[in-house]
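Residue numbers (the numbering used here): 92 to 324. See structure below.
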Amino acid sequence: MIRREAGGLTLYRDNAAVTSLTLSPRPAWYDAKTRSGKPMTRVGTLQGTYLGVYPAKVCDYWVAEPTKTNCHFCSVGLNLGVDDASEKSVDEVLEVVRAAREESGITYVDFNTGHYKGDTYLDILEPYLRRIKKETGLLVGVQTPPHHDLSRHDRLRAMGVNRVSFCFEIFDHALFRKICPGKDAQYGLDRYFDAIRYCARLGAQGPASKPWVTNGEIIVGLEPSESSIAAIN
């Protein structure tokens, strides 16, 4: 538990103080705007030493008819267009990346998308990835569904992308179907595992100076701990 006290924030465990906590200071660029007039906080979010960007429209699962099929824990459909701009140009993103690198010292930019009809998420991301790699040299990564043409990930490796992450969220097949109905219907849990295995092999391609990391992501607490541990193993 975290408590706000006279001296600041303190982390407690079993009612015993463990350590004091300090929040990261708000960066000045959080109060700046892009040349197009958009608040920079609506383009990218500082997450420690990296910048997180959701560059395109809301995931199709949030607007599915007659019934939404979004993951039950997801908040993208609540934030996008409110706190986060629903559309961000390549120039806007690049401007925020430069500001975050100059002031906050970011070393990595992470792009996240939802599912779009026709598997267009990689098509959407490629212009951003190419410009950032070419003009800044920063590490970049993507979090997308597993493309039905797995060879599309070869192109990411070739253009210098450094990380691909597949957010399957839940290792238990039954809970995956219940909590992630859109992902289950469109891809299925095993497709995520296939994509992780495929992309892991791409690490052997290219020089060591262009690192490549593949991983899956889970949300601890959505399933029994034994299942999460099995996923990690």
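Note that the Cβ used here is the ideal one computed from N, Cα and C, for glycine as well.
Item                                                                                                                                                                     : Value
Report the three-state DSSP secondary structure of E194 (helix, strand or coil).                                                                                         : helix
Compute the Euclidean distance between the alpha carbons of E217 and F257, then round it to the nearest angstrom.                                                        : 17 Å
Applying the 10 Å Cβ sphere with the 16-neighbour rule, what's the burial state of Q138?                                                                                 : exposed
On the three-state DSSP scale, how would you describe R104?                                                                                                              : strand
Sort R94, G228 and A321 by Cα distance to F262 and report the nearest one.                                                                                               : A321
Would you kindly report the start and end of the unbroken alpha helix (DSSP H) that includes I320?                                                                       : S316 to I323
Within the same chain, show all residues whose beta-carbon is closer than 8 Å to that of L114, passing over the 5 residues directly before and after it, in chain order. : L100
Which full runs of the alpha helix (DSSP H) of 4+ residues lie inside the stretch 95-183, going along the chain?                                                         : 167-170
Just checking C162 against the ligand GDP - is the residue's beta carbon closer than 8 Å to any of the ligand's heavy atoms?                                             : In the structure on display, the ligand GDP does not appear, and there are no ligands present to speak of.
Excluding sequence positions up to five away, which residues of its chain have a Cβ less than 8 Å from the Cβ of P315?                                                   : D263
Taking the C-alpha atoms as reference points, what is the distance between E351 and G128?                                                                                : Since the displayed the chain opens at 92 and closes at 324, residue 351 lies outside it and no answer follows.
Could you have a look at Y199 and say whether DSSP puts it in helix, strand or coil?                                                                                     : strand
Taking its Cβ as the centre, do 16 or more other Cβ atoms sit within 10 Å of K274, making it buried, or is it exposed?                                                   : buried
Could you spell out the range, first to last residue, of the beta strand (DSSP E) harbouring L247?                                                                       : Looking at the DSSP string, L247 is not in any beta strand (DSSP E); the run it does join, the alpha helix (DSSP H), is R243 to A249.
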